[in-house]
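Numbering (our numbering), first residue to last: 1 to 279.
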Ligand SMILES: Nc1ncnc2c1ncn2[C@@H]1O[C@H](COP(=O)(O)OP(=O)(O)OP(=O)(O)O)[C@@H](O)[C@H]1O
Ligand SMILES: [Mg+2]
């Protein structure tokens, strides 16, 4: 077993049989900033969650099986260098990108004013670049121009992504959770077949408790949004943007102990509630 690369969250090992082992660490990143501290049990929860979703979803995927509590074996794919996002709610980066009636008219064909966190008329599909820095939205035309994907494959990815969002949302709902959005990655296997890759779990989704859901508000969330919200609260995000304009990036602040514990508890809570299993 050979370490191929250390991602922001996962370590990727090459196995003797040609497959990969994705090992989930307790590392945490937000706004693409890596923190020095660890979130206890996070790796385990993410991996077991991925195992749960891959088993539930009826789509071709790279998933082979769980190998350790925090490691899964997957087929090695040639990854598509984009991230595919489905959003069911007006939140996150969408708040900055769609601000006027005309923006929404362009998107949905009707004039709309939506409150932060409000449900969209229907889920929308977006594409972003995958970069070490910050992921930026790209248009379909740009993707097609790049020659990386054909129109048919892009449509297939869109259909599968929307179907996955619907399925995970309907599985989470009876446990009282809303899946606000999800980020997906895909790749091609040796037969050039499209496969769902990477992972699905609290690091790829915004997960809200239906009981606490209040459109117009910042939603209490069961993923790393809590960390993002704290970073915004302490002015770190602003500082980050200020430095970014000079091509610099800030040192990650120290996450307070109570927040680390709270985030860890929430990862465990959402896993146990949705899957019905203990961590
Ligand atoms: N089946 C697969 N074959 C090859 N690479 C994969 C496969 N599944 C996931 N990957 C890649 O493995 C990496 C997972 O690690 P991690 O999510 O920690 O990386 P990351 O720092 O987020 O990197 P990136 O910005 O590329 O996503 C991602 O780059 C992902 O695209
Ligand atoms: Mg990743």
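A virtual CB, placed ideally from N, CA and C, is assigned to each residue, including glycine. Predicted model only: the values in this text are computed from it and were never measured.
Can you tell me the Cα-Cα spacing of residue 16 and residue 198, whole angstroms?
The alpha-carbon atoms of residue 16 and residue 198 are separated by roughly 20 Å.
Please identify the residue among 273, 182, 172, 25 whose C-alpha is closest to the C-alpha of residue 88.
That would be 182, whose Cα lies nearest to the Cα of residue 88.
Could you please give the first and the last residue of the uninterrupted alpha helix (DSSP H) stretch that includes residue 366?
No answer is possible for residue 366: the residues shown for the chain start at 1 and end at 279.
Considering residue 151, what are the terminal residues of the alpha helix (DSSP H) in which it resides?
Annotation: the continuous alpha helix (DSSP H) that includes residue 151 extends over 151-172.
Taking all protein chains shown into account, decide if residue 245 is buried (16 or more other Cβ within 10 angstroms of its Cβ) or exposed.
exposed
Secondary structure of residue 211, DSSP reduced to three states
Residue state, collapsed to three classes: helix.
In DSSP terms, what residue 181 is bridged to
87, 206
With a Cβ-Cβ cutoff of 9 Å, do residue 78 and residue 203 count as a contact?
no
On the criterion of 16 or more Cβ atoms from any shown chain inside 10 Å, does residue 63 qualify as buried, or is it exposed?
So residue 63 counts as buried.
Buried versus exposed call for residue 43 [16 or more other C-beta atoms within 10 Å across all chains shown]
buried
Rounded to whole angstroms, how far is the Cβ of residue 270 from the Cβ of residue 207, which I believe are closer than 8 Å?
6 Å
For residue 221, I'd like the list of residues in its chain whose CB is within less than 7 Å of its CB, leaving aside the five on either flank, ordered along the chain.
206, 207, 208
Got a sec? Which residues, its chain only, sit under 7 Å from residue 21 by beta carbon, not counting five neighbours each side?
1, 13, 15, 67, 71, 73
Any beta strand (DSSP E) of 3 or more consecutive residues that is wholly inside the stretch 238-267
none
Which residues does DSSP pair with residue 125 in a beta bridge?
86
State the CB to CB distance for the pair residue 282 and residue 252, rounded to an integer number of angstroms; the pair is presumed to be in contact (CB under 8 Å).
No statement about residue 282 is possible, as the shown extent of the chain runs from 1 to 279 and does not include it.
Secondary structure at residue 272, three-state DSSP: helix, strand or coil?
helix
Under the three-state reduction of DSSP, which class applies to residue 29: helix, strand or coil?
strand
Secondary structure at residue 37, three-state DSSP: helix, strand or coil?
strand
Taking the alpha helix (DSSP H) that residue 232 belongs to, which residues open and close that run?
225-233
For ligand 1, is there any heavy atom lying closer than 8 Å to the beta carbon of residue 28?
Placement of the Cβ of residue 28 at a distance of 8 Å or more from every heavy atom of ligand 1 is found.
Please check the pair residue 98 and residue 128, which I expect to be a contact at CB under 8 Å, by giving their CB distance rounded to whole angstroms.
Contact between residue 98 and residue 128 is ruled out by a C-beta separation of about 15 Å, above the 8 Å threshold.
Check for me: the alpha helix (DSSP H) holding residue 96 runs from which residue to which?
Looking at the DSSP string, the run of the alpha helix (DSSP H) that includes residue 96 is 93-97.
Quick one, which of 234, 23, 159 has its alpha-carbon nearest residue 59's?
Nearest of 234, 23, 159 to residue 59, Cα basis: 159.
Taking the alpha-carbon positions, what's the residue 226 to residue 236 distance?
Approximately 14 Å, taken between the alpha carbons.
Give the DSSP bridge partners of residue 6, in chain order.
Answer is 11.
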